[in-house]
Amino acid sequence: MCGIVACILKDGRAAPVLLDCVRRLEYRGYDSVGIATADPSIKIKKDSGKIDEVDERLDLADLPGEVGIAHVRWATHGLPTSENAHPHTDCTGEIAAVHNGIIENYLELREELEAEGHRFRSETDTEVIPHLIEKYMDEGMDLEAATATAIKKLRGAYAIAVISSREPGRIIGARKESPLIAGLGDGEYFLASDVPAILNHTDRVIYLDDGEMAIIDTEIRVRDMEGNIIRKDIHVIDWSPEMAEKAGYDHFMLKEIHEEPGAVRDTLMEMDDVRRIVSEIGEVKRVCFVACGTSYHASFVGKYLFESLLGIPTDVILASEFNYSVRTLTEDTLAVFISQSGETADTLNAIRAANSRARTLAIVNVLGSSATREAQHVLYTRAGPEIGVAATKTYVSQLTVIYMLVAAMGGLDDLVEKLEGVPDIMEEILRDEDGIREMARAYSEAEDFFFIGRGFSYPTALEGALKLKEITYIHGEGYAAGELKHGPLALIDDGVPVVAVAPPGPCHDKTLSNVEEVKARGARVIGVGSRDDASLRNEVDDFIGMDPGVDEVISPLVYIVPLQLLSYYVSVERGIDPDKPKNLAKCVTVV
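Mapped onto full-length UniProt numbering, the consecutive letters of the sequence shown carry residue numbers 1 to 591.
Pasting the structure below:
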């Protein structure tokens with residue numbers, strides 16, 4: 001929901017480094033930004049607005065000191081204002097803190113602190129943290145002990161970084177249910193919410209677990225809340241800094257769509273690992289997918305695959321609703337949890353609830369993330385860093401892992417062969433994106449969009465609608481095409497765009513009938529189907545032709561690509577930054 005960074009440098013000023021790092025976290029939040037350094041007194045610059053806007057006003061890098069913290073915000077408590085921007089300080093300005101998460105009992109703590117004479121300046125939940133630390137330091141504790149005591153009072157989720165002019169050469173970090181990593185450079189040390197923030201400075205990281213603190217000065221020490229030293233593994237990240245850059249594309253989203261063929265190829269290289277995991281899991285009688293957002297739509301494809309190809313009953317449950325279903329799990333259930341970041345709060349809570357009842361498998365993109373440590377088994381997508389808020393290449397990578405899982409469980413070598421041809425088909429689509437760009441211009445003023453599909457194409461319709469609403473702010477809805485008569489048809493009017501996803505296969509003719517229904521009511525239809533499908537082409541207003549060799553079963557991996565491009569170009573036509581849609585952030589770490 002927010003992004004935090006902290007660093008101690010061996011020479012040079014921290015503020016320019018922090019500004020570079022926090023720019024790489026702007027996908028986590030972008031309504032305000034701030035930097036604080038200790039030199040040895042605390043110096044702060046912060047304001048509401050996107051990073052470049054605030055930097056132009058304040059020159060954020062112009063702060064002294066080799067030690068500092070920084071924050072980019074996605075508002076949860078209090079409007080985006082200068083007062084509510086992080087870092088927040090105590091009464092004296094001697095302690096500064098940044099925070100990602102939600103402190104559920106902040107009102108109670110604030111009332112207690114105000115009764116003791118503490119003065120608050122913001123509406124945020126975060127501000128109680130430096131005031132609590134101030135209270136305990138005034139009682140004689142050092143920064144480490146005061147921070148440990150303070151966070152024991154907090155109820156909720158947090159990743160925090162704290163500095164103080166009383167101990168200007170030290171940073172304290174801590175996490176609970178919100179991601180935090182420590183980075184080890186050449187005599188320099190970092191804290192960050194996510195790996196891309198620090199890739200320009202180090203590829204060696206430590207993943208903090210819940211209930212752990214990092215104490216950074218001339219080294220990094222990790223302790224639990226009782227003060228015990230914990231030995232942590234150092235992970236070497238195989239992402240290059242260039243992978244997290246735009247590489248000449250106008251936006252990260254477009255770059256990441258173009259990276260999809262490579263992401264699928266790289267993920268397919270994990271087939272041996274998938275087979276190994278399947279052998280460890282053994283026979284299952286039920287599959288239960290648990291996910292949020294785009295990962296939820298990938299899970300729906302998994303339901304169709306498991307049930308139609310393997311005959312295994314399969315459920316798909318929103319992670320935020322999982323508690324109502326957890327008692328149905330049994331030891332012969334495979335519960336599959338999908339999260340790009342591996343830090344999605346609802347999904348992590350669901351894994352913990354399921355571990356004692358079922359076999360759990362996490363499908364994630366980030367090595368060492370919380371989900372990889374919580375689940376019994378882990379499969380990685382190989383998408384590399386995804387900066388755009390709207391998931392694209394991580395979606396097709398998740399789908400690829402699901403297809404591989406089904407193929408391994410069913411011994412379906414022919415399905416693996418089909419998967420191996422997908423990257424080439426994707427590349428063919430991307431070579432023809434100019435036609436989709438032109439199409440986007442014609443539909444950029446629409447107020448409503450409908451996406452329809454049957455069977456394997458229904459999840460594609462859902463995901464296509466989600467992409468559109470996320471980055472264009474056009475109302476978009478995805479429907480199973482057979483449901484049109486049960487209500488949605490009342491919304492079809494003259495000129496309303498309807499995207500019909502109709503690959504070759506058993507569902508094709510019925511979907512074509514639904515196209516005729518919406519056309520008869522004035523809809524303007526975009527058909528997505530095989531390029532040799534004359535029946536569909538002749539019925540629709542605009543047509544996106546796909547490789548004729550792509551059947552219904554494999555179509556979710558391929559047919560989503562032009563829908564992602566359509567949403568991207570409509571967003572650009574409407575003058576919206578598709579990388580930073582309003583009110584959304586990349587990693588949802590609060591419930």
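We treat Cβ as the ideally placed atom computed from N, Cα and C, and that holds for glycine. Just so we're clear, the structure is a prediction, and the values are computed from it rather than from any experiment.
Taking 7 Å as the cut-off, the Cβ atoms of A408 and R275 count as close. Residue environment analysis places K393 among the buried positions, since at least 16 neighbouring C-beta atoms fall within 10 angstroms of its C-beta.
Rounded to whole angstroms, the gap between the alpha carbons of E270 and G388 is 25 Å.
Here DSSP, grouped into helix, strand and coil, assigns M141 to coil. Spanning the alpha carbons of A358 and D413 requires a straight line of approximately 28 Å.
Across the set F300, A97, V553, the C-alpha of V553 shows the shortest separation from the C-alpha of V422. Distance between G522 and M439, taken at the CA atoms: about 19 Å. Here H377 carries a strand assignment [DSSP, helix/strand/coil].
If you check the CB distance, P168 and P40 come in under 7 Å.
Where V162 is concerned, the enclosing beta strand (DSSP E) starts and stops at 156 to 164.
Assignment of beta-bridge partners to M546 by DSSP yields S530. Here V499 really is in contact with V528; their C-beta atoms are around 7 Å apart, less than 8 Å. If the five residues before and after I436 are omitted, its C-beta is found closer than 8 Å to the C-beta atoms of I544, P562, L565, L566, Y569, all from its own chain and listed in chain order.
Here the alpha carbon of V33 sits roughly 32 Å from the alpha carbon of G140. In terms of Cβ geometry, I351 and A298 do not form a close pair [threshold 7 Å].
Within the same chain, and ignoring the five residues on either side of L329 in sequence, the residues whose Cβ sits closer than 8 Å to its Cβ are C288, A335, A354, R357, A358.
K10 and I257 have their C-alpha atoms some 39 Å from each other. Each of L415, P504, L484 was checked against the Cα of S457, and the nearest Cα belongs to P504. When the beta-carbon positions are compared, L18 and A70 come within less than 7 Å of each other. About 7 Å separates the beta carbons of Y479 and F450, which is inside the 8 Å limit, making them a contact pair. DSSP, reduced to helix, strand and coil, places K418 within a helical segment of the structure shown. Cβ-Cβ distances below 6 Å link L154 to I103 in the same chain, with the five nearest sequence neighbours on each side left out; the list follows chain order. Inter-residue distance for A6 and S193 is about 10 Å (C-alpha atoms, whole angstroms). Considering only D332, S571, C507, the residue with the shortest C-alpha distance to R441 is S571. Annotation: P562 is outside any beta strand (DSSP E); the continuous alpha helix (DSSP H) that includes it extends over 555 to 573. Contact between the region 213 to 221 and the region 120 to 139 is not established, with fewer than three Cβ pairs separated by less than 8 Å. DSSP places I44 outside any alpha helix (DSSP H); the residue lies instead in the beta strand (DSSP E), whose first and last residues are 42 to 48.
In the pairwise beta carbon analysis, the region 244 to 254 is classified as not touching the region 366 to 376: fewer than three pairs are separated by under 8 Å. For the 7 Å CB-CB criterion, T347 and A383 do not form a contact. Shown here, L60 sits in coil according to DSSP, grouped into three states, outside any helix or strand. The DSSP-derived three-state label of V366 is coil.
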